[in-house]
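Numbering (this note's numbering), first residue to last: 55 to 267.
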C-alpha cells in the first residue's frame, strides 16, 4: 500500500480508497485500510437507498455499526425471523417457501436461498431441483464437471459462477440461467445484462470448472 500511495503521489494522481474496515481482513499481516481510516479519518456513507422501508433502513445502519442484536430484534418484530426445531425442518420449510414463490411470482422472478454450511447449500439445491422437476420446470439432467464435483444440470436450471474468467467475461458470484444444454456444451443467459442492455448468453463446455448449481 505504501508503494502504491507513493507512486500515485509521484505521478500527481488523486487516490480514493473505498472499503469497509469491518469486513474480513486479508490473510497476510497488516490492515492498511483500517490504519489509514484511524489516523487520517474517512468520509462515511450513512444514507441507505437499497431498502425502501424505514425500519429496514435503520436495521441496515445497526448492522453497519455492528449492533447485531438491535438488527435481529427489528427483523423479529417485523416477522422476518422464523425459528424451527432443527436443520432438516429449516431446509424443508425454505424449499416449500421457494416453490410457493415460484407459483406466485413465476419462475422468471429472482429469488435466492442462503445457508452457512456447504452441506446445507447442497441439500437445498437438491431439494429445490426435485420440487422443480415435480412442477415440470426441469426435464432432462446432464452431468457436468464443476469445481464442486459432478453436478446435474438441465435447461431452466439456475446457477452461480464461482470463479472469474476474462475469456468468458464472467465474474465470481454472477448468476445465470441455463437456456440450452447438451453433452458437450451449455448456454447460459447471464442475469447481468450486456453494456447495451441486451441479455447476455455465454456458451461454454460442460467440463468448464466455474459452475455451482
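Even for Gly, the Cβ is constructed at its ideal location relative to N, Cα and C.
How is the beta strand (DSSP E) around residue i delimited, first residue to last?
i	result
residue 233	229-235
residue 171	Looking at the DSSP string, residue 171 is not in any beta strand (DSSP E), and its letter there is neither H nor E.
residue 166	No beta strand (DSSP E) holds residue 166; DSSP gives it neither H nor E.
residue 270	The structure shown does not extend to residue 270, since the chain spans only 55 to 267, so no value can be given for it.
residue 59	Residue 59 -> not in any beta strand (DSSP E); alpha helix (DSSP H) instead, spanning 56-64.
Using beta-carbon positions only, say whether residue i and residue j come within less than 8 Å of one another.
i	j	result
residue 235	residue 199	no
residue 174	residue 141	yes
residue 215	residue 204	no
residue 71	residue 87	yes
residue 245	residue 230	yes
Evaluate residue i with the Cβ neighbour count: other Cβ atoms within 10 Å of its Cβ, from every protein chain shown; 16 or more gives buried, anything less gives exposed.
i	result
residue 242	buried
residue 135	exposed
residue 239	exposed
residue 192	buried
residue 74	exposed
DSSP puts residue i in a beta bridge; with which residues?
i	result
residue 90	DSSP output for residue 90 lists no bridge partner at all.
residue 198	205
May I ask which residues mark the beginning and end of the alpha helix (DSSP H) holding residue i?
i	result
residue 113	108-118
Would you call the segment 164-181 and the segment 127-134 touching, i.e. three or more CB-CB distances under 8 Å? no
Does the pairing of the segment 108-118 with the segment 142-154 give three or more beta-carbon distances under 8 Å? no
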